[in-house]
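Beneath this line is the structure, given in structure tokens, with notes to follow.
Protein chains: 4
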Amino acid sequence: MESENKHTWRTRLHEIIYEADTPAGKLFDVVLLIAILASIILVMLESVSSFDDKYHNLLNIGEWIITVLFTIEYILRIVTVNKPIKYITSFYGIIDLLSTIPKYLSLIFVGTHALVALRALRLIRIFRILKLARYLGASNQLANAIKASRAKISVFLFAVLIASVIFGTIMYMVEGADSGFTNIPKSVYWCIVTMTTVGFGDIAPVTPLGQFIAAVIMIMGYGIIAVPTGIVSAEYTKASGSDKKVSDEEHKHLQTVVLNSQCCINCLAEKHQDDAIYCHKCGCKLHHD
Amino acid sequence: MESENKHTWRTRLHEIIYEADTPAGKLFDVVLLIAILASIILVMLESVSSFDDKYHNLLNIGEWIITVLFTIEYILRIVTVNKPIKYITSFYGIIDLLSTIPKYLSLIFVGTHALVALRALRLIRIFRILKLARYLGASNQLANAIKASRAKISVFLFAVLIASVIFGTIMYMVEGADSGFTNIPKSVYWCIVTMTTVGFGDIAPVTPLGQFIAAVIMIMGYGIIAVPTGIVSAEYTKASGSDKKVSDEEHKHLQTVVLNSQCCINCLAEKHQDDAIYCHKCGCKLHHD
Amino acid sequence: MESENKHTWRTRLHEIIYEADTPAGKLFDVVLLIAILASIILVMLESVSSFDDKYHNLLNIGEWIITVLFTIEYILRIVTVNKPIKYITSFYGIIDLLSTIPKYLSLIFVGTHALVALRALRLIRIFRILKLARYLGASNQLANAIKASRAKISVFLFAVLIASVIFGTIMYMVEGADSGFTNIPKSVYWCIVTMTTVGFGDIAPVTPLGQFIAAVIMIMGYGIIAVPTGIVSAEYTKASGSDKKVSDEEHKHLQTVVLNSQCCINCLAEKHQDDAIYCHKCGCKLHHD
Amino acid sequence: MESENKHTWRTRLHEIIYEADTPAGKLFDVVLLIAILASIILVMLESVSSFDDKYHNLLNIGEWIITVLFTIEYILRIVTVNKPIKYITSFYGIIDLLSTIPKYLSLIFVGTHALVALRALRLIRIFRILKLARYLGASNQLANAIKASRAKISVFLFAVLIASVIFGTIMYMVEGADSGFTNIPKSVYWCIVTMTTVGFGDIAPVTPLGQFIAAVIMIMGYGIIAVPTGIVSAEYTKASGSDKKVSDEEHKHLQTVVLNSQCCINCLAEKHQDDAIYCHKCGCKLHHD
Numbered sequence: 001m002e003s004e005n006k007h008t009w010r011t012r013l014h015e016i017i018y019e020a021d022t023p024a025g026k027l028f029d030v031v032l033l034i035a036i037l038a039s040i041i042l043v044m045l046e047s048v049s050s051f052d053d054k055y056h057n058l059l060n061i062g063e064w065i066i067t068v069l070f071t072i073e074y075i076l077r078i079v080t081v082n083k084p085i086k087y088i089t090s091f092y093g094i095i096d097l098l099s100t101i102p103k104y105l106s107l108i109f110v111g112t113h114a115l116v117a118l119r120a121l122r123l124i125r126i127f128r129i130l131k132l133a134r135y136l137g138a139s140n141q142l143a144n145a146i147k148a149s150r151a152k153i154s155v156f157l158f159a160v161l162i163a164s165v166i167f168g169t170i171m172y173m174v175e176g177a178d179s180g181f182t183n184i185p186k187s188v189y190w191c192i193v194t195m196t197t198v199g200f201g202d203i204a205p206v207t208p209l210g211q212f213i214a215a216v217i218m219i220m221g222y223g224i225i226a227v228p229t230g231i232v233s234a235e236y237t238k239a240s241g242s243d244k245k246v247s248d249e250e251h252k253h254l255q256t257v258v259l260n261s262q263c264c265i266n267c268l269a270e271k272h273q274d275d276a277i278y279c280h281k282c283g284c285k286l287h288h289d
Numbered sequence: 001m002e003s004e005n006k007h008t009w010r011t012r013l014h015e016i017i018y019e020a021d022t023p024a025g026k027l028f029d030v031v032l033l034i035a036i037l038a039s040i041i042l043v044m045l046e047s048v049s050s051f052d053d054k055y056h057n058l059l060n061i062g063e064w065i066i067t068v069l070f071t072i073e074y075i076l077r078i079v080t081v082n083k084p085i086k087y088i089t090s091f092y093g094i095i096d097l098l099s100t101i102p103k104y105l106s107l108i109f110v111g112t113h114a115l116v117a118l119r120a121l122r123l124i125r126i127f128r129i130l131k132l133a134r135y136l137g138a139s140n141q142l143a144n145a146i147k148a149s150r151a152k153i154s155v156f157l158f159a160v161l162i163a164s165v166i167f168g169t170i171m172y173m174v175e176g177a178d179s180g181f182t183n184i185p186k187s188v189y190w191c192i193v194t195m196t197t198v199g200f201g202d203i204a205p206v207t208p209l210g211q212f213i214a215a216v217i218m219i220m221g222y223g224i225i226a227v228p229t230g231i232v233s234a235e236y237t238k239a240s241g242s243d244k245k246v247s248d249e250e251h252k253h254l255q256t257v258v259l260n261s262q263c264c265i266n267c268l269a270e271k272h273q274d275d276a277i278y279c280h281k282c283g284c285k286l287h288h289d
Numbered sequence: 001m002e003s004e005n006k007h008t009w010r011t012r013l014h015e016i017i018y019e020a021d022t023p024a025g026k027l028f029d030v031v032l033l034i035a036i037l038a039s040i041i042l043v044m045l046e047s048v049s050s051f052d053d054k055y056h057n058l059l060n061i062g063e064w065i066i067t068v069l070f071t072i073e074y075i076l077r078i079v080t081v082n083k084p085i086k087y088i089t090s091f092y093g094i095i096d097l098l099s100t101i102p103k104y105l106s107l108i109f110v111g112t113h114a115l116v117a118l119r120a121l122r123l124i125r126i127f128r129i130l131k132l133a134r135y136l137g138a139s140n141q142l143a144n145a146i147k148a149s150r151a152k153i154s155v156f157l158f159a160v161l162i163a164s165v166i167f168g169t170i171m172y173m174v175e176g177a178d179s180g181f182t183n184i185p186k187s188v189y190w191c192i193v194t195m196t197t198v199g200f201g202d203i204a205p206v207t208p209l210g211q212f213i214a215a216v217i218m219i220m221g222y223g224i225i226a227v228p229t230g231i232v233s234a235e236y237t238k239a240s241g242s243d244k245k246v247s248d249e250e251h252k253h254l255q256t257v258v259l260n261s262q263c264c265i266n267c268l269a270e271k272h273q274d275d276a277i278y279c280h281k282c283g284c285k286l287h288h289d
Numbered sequence: 001m002e003s004e005n006k007h008t009w010r011t012r013l014h015e016i017i018y019e020a021d022t023p024a025g026k027l028f029d030v031v032l033l034i035a036i037l038a039s040i041i042l043v044m045l046e047s048v049s050s051f052d053d054k055y056h057n058l059l060n061i062g063e064w065i066i067t068v069l070f071t072i073e074y075i076l077r078i079v080t081v082n083k084p085i086k087y088i089t090s091f092y093g094i095i096d097l098l099s100t101i102p103k104y105l106s107l108i109f110v111g112t113h114a115l116v117a118l119r120a121l122r123l124i125r126i127f128r129i130l131k132l133a134r135y136l137g138a139s140n141q142l143a144n145a146i147k148a149s150r151a152k153i154s155v156f157l158f159a160v161l162i163a164s165v166i167f168g169t170i171m172y173m174v175e176g177a178d179s180g181f182t183n184i185p186k187s188v189y190w191c192i193v194t195m196t197t198v199g200f201g202d203i204a205p206v207t208p209l210g211q212f213i214a215a216v217i218m219i220m221g222y223g224i225i226a227v228p229t230g231i232v233s234a235e236y237t238k239a240s241g242s243d244k245k246v247s248d249e250e251h252k253h254l255q256t257v258v259l260n261s262q263c264c265i266n267c268l269a270e271k272h273q274d275d276a277i278y279c280h281k282c283g284c285k286l287h288h289d
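Residue numbers (the UniProt record's numbering), protein chains in the order written: chain A, 1 to 289; chain B, 1 to 289; chain C, 1 to 289; chain D, 1 to 289.
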């Protein structure tokens, strides 16, 4: 009887934390989203020394509140899942842990010499932002287009790298250390800056020959930017043009995933069909309201 | 009889101000267009101190002329419409008011301390330029393509933001305050500057590791610019490729809207069909020449 | 008899100068091309003061040689055409004249005070480069795609301008003269520099709010660059996809135009069919070898 | 008997060096790849003076090891081919030689005055990176799209150059030497920097008129970047859209080329069919395992 009661309690919590189709589940997600954004803003504000000097205590309190919140969330996520090891070793499990521990570690390493390492640890919390990616939702056309053109873009980027190494070396020979091209790695860096049309201007050619070669590099970079664009464009046209109906269905599917996302309490499998009764991975019964 | 005469007078004015299918209506539009452009140029010239010192009185007179013109236009627009509240609370009604009042407010706030606020008020007139958007005309393929790809581009821009926050934090840790990366918000700003291939160069990495990460960011930015381009390109191809005939009809429709734009005197509804006799929104009779 | 002989002489010269399907005509074109490129290089070298100081006389002689060559060409072009007024008032006729006279005018204005004006006159010769456009040849897919998307790109560029004026004014209010945003026109200039992702860095925001707005402008600029690209891409796909066969024929036609370009001696009409005997514009007989 | 034995030995070596379908052949390729990358990194590190000062001897030893390795490879490639002259005069043959000799030449030119020339010679080894291109593999869609649009992109780049020369000259006249536009070649260089949206900022217009023209150039550059992108995009869509099945076959073919790449021992011809017994170029028998 007790066990049954506990099971119900676990099941309800699982629904709230892992799913989003109950009012409580939606509320949980919104609170989590706000907490994530607040923690990112806190990490950012803390790095602004003029702000940190004034409101150090306030920031510290805010961080502790969020750390406690994330700790509770982390523990609940472990407790309400049948296979906790699977969650802990999953991508989001590691992100959840990494974004929670730094504040606790700051209690241990309070020595003067550990301050620099401590600072780096605090910044790990910035990775909490990756949790937001969870809300970007399911697989879509965009991801498919990028996936389909990934191999081709890699070849292209590799070609850009080879060109950068060769032109970087030529610029190093032509311009030399006086113009800021002090060594080949720096020249290659400059070449990438130029070819991608970023153009910081911290290093710039001064000799006529160097400026001529720079002009060639720029026009090349201007011309080859067309290549990855053309690839993604074509892949995306293929992906989206194939079937308009599919796109609509996918959209509907997306809504289903976001609003009625069932997550198996046993194996964490997602993307169950709307009318599914059993998990399609482990056969465990799914819990509806 | 008087009322009938007044009605005719109002109807004729309505035609001139809100429509463009009579010679007087066209003239009104051209005069308004010139007045808008003149007011923008006046605001700009006034901000150039060397110009303002010389021709302050001339600029002041010019501004008063345009302010009076816009005031008359604003009053006439209210008078000739049956439901003035609807116009006043509409987007263009607010723009019309906001671009007229600053000069009058400058008469009230003449104290020495109010000068800064006054300056800001004057600049509000720059929003008059949005009235020009009215002449950009009706909905077209372009707007549809942007509308169709808006959701996907938002997801994409959100991904760019997440990447900027993470890479900005890494650069802050690697480069530190000595290279200009004084805090995380500034580092994130630098990361956006770099990823969008703008590259001001006011902040630039100086350490080899920082330059290596910067190169990775640049090549990433260079690669992902292909994504929104591909999306718009594909959406636009779909939108324009679907039917050439539609495009021609739309073009004809555009001309109709611009040249014979009927605007209901009662409810301000636009885009009536060319041969419409009654307003399709309120049933009020439309006035043709 | 004399007149007949003269006619033959004129006809032969017309063939050499205006057409390219005889060995002499081809040679004339190649010589002209080299002369144009040489004149451009001379104008450029003359502006490099360190080079001009050393080789002033050499440059002067070179310029006179080219000026005489262009003068002869200009006179021959007038003489060998039946309607010289039509040639003189045509686009290339004006370019030919403008690129020839500056050197003669430099003989007239030798006074000390006229030196600055003289310098500007010399530079007019740079427009000779536009003659090269003549060799870019006939209308092609590319030009058609640009032509078809011209109207849409104009609307787009106009929207960019409106956004630049509004954001430029906001940046002027936020940053002020201390950061280099001394007046609105300069701020609008900065905004265009940023939105087009050029990013010189001569002016850059320094306040946190200014940098935040700049980030918004950059991401906007980065997003909207997709729009013209998408338009040209779609129009080009439509233009080139419609018929592959047409493209091949066009290519053949291009060759015909370049190699066998018949140009009517009477009315300067071009693009006659390969087997044409009479001009399709004025009915005048065409001269073949 | 001896000759037969030697033939077998040569044939086996040929398989290892020129092909990649035996375990030994694969190992050879991987070792070569690592050696190439190591040599590039060595050249780069050597140029960093702070690194070279510390580890000069270590770098020197590393270079000698790689030089000896490449020498052995070069000799074996000559020995195992029936027509060595063909290999030596081929593109990769020249690259192989050029990337091997600099270290030997450094033994000859050890005089103090030859140091600068020596440095340049050392850097030639950077071209070894081009050997990596060999592993980028066979012809693919990407290359075909670039090939198909090469002519059109050339016309486009030529148009950009003409525009740069004209606008560069105008900027030289407007801004003059005080703003850094000291001569026309430099102005043209600045114009290319601006038009390609690189924007170093080492030279930037300061006069209002100059900034206005710069804004026009930037918007032009921003608009015309769409042209090459559109071309490649359309060509690529055509190339990849024509047949999905072909793409799959091509992929399979690619694998075949990479994994079972047969290279004729007699004439170096590649791309034999998988089941080919005789070379399709010289009729010489191919050697399978």
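Note that beta-carbon positions come from the ideal geometry of N, C-alpha and C, so glycine has one too. All values derive from a computational prediction rather than experimental measurement.
Can a CB atom of chain A be found closer than 8 Å to the CB of residue i?
| i | result |
| --- | --- |
| D:D202 | yes |
| D:T169 | no |
| D:L102 | Here residue 102 of chain D is Pro; the residue named in the question, Leu, does not match the sequence. No, D:P102 does not count as interfacial toward chain A. |
| D:G180 | no |
Shorter than 8 Å from the beta carbon of residue i to some beta carbon of chain D?
| i | result |
| --- | --- |
| B:S49 | no |
| A:A215 | yes |
| A:I166 | yes |
Got a sec, what are the start and stop residues for the alpha helix (DSSP H) residue i sits in?
| i | result |
| --- | --- |
| C:V31 | P23 to S47 |
Can you name, in chain order, every residue of its own chain whose Cβ lies under 7 Å from the Cβ of residue i, other than the five neighbours on each side?
| i | result |
| --- | --- |
| B:F28 | I16 and I17 |
| C:I217 | F167, C191, T194 and M195 |
| C:D156 | Note that residue 156 of chain C corresponds to Phe in the displayed sequence, not to Asp. Taken in chain order, the residues that qualify are V227 and P228. |
Using a Cβ cut-off of 8 Å (strictly closer), state whether residue i contacts chain C.
| i | result |
| --- | --- |
| D:M44 | no |
| A:S149 | no |
| B:Y55 | no |
| A:T197 | yes |
Leaving out the 5 sequence neighbours to the left and right, which residues in its chain are closer than 8 Å to residue i when beta-carbon positions are compared?
| i | result |
| --- | --- |
| D:D52 | L45, E46 and L59 |
| A:I78 | P84, Y87 and I88 |
| residue 290 of chain D | The first residue shown for chain D is 1 and the last is 289, placing residue 290 of chain D beyond what the model contains. |
| B:F212 | none |
Spatial neighbours of residue i within its chain, please: C-beta separation below 6 Å, excluding the five flanking residues on both sides.
| i | result |
| --- | --- |
| A:K252 | For A:K252, the pLDDT reaches just 44, beneath the cut-off of 50, and the residue's location in the model is therefore unreliable, leaving the point undetermined. |
Just checking: is the beta-carbon of residue i within a distance shorter than 8 Å of some beta-carbon in chain B?
| i | result |
| --- | --- |
| D:S90 | no |
(request) Write down every uninterrupted run of the beta strand (DSSP E) in the region 166-246 of chain A whose length is 3 residues or greater and which is fully enclosed by it, in chain order. (result) none
(message) List, from N- to C-terminal side, the alpha helix (DSSP H) runs of 4 residues or more that fit wholly inside the region 66-115 of chain D.
(response) 84-88, 91-98 and 101-108
(request) Closer than 9 Å, Cβ to Cβ, to anything on chain A: give me those residues from the region 67-85 of chain C, in chain order. (result) none
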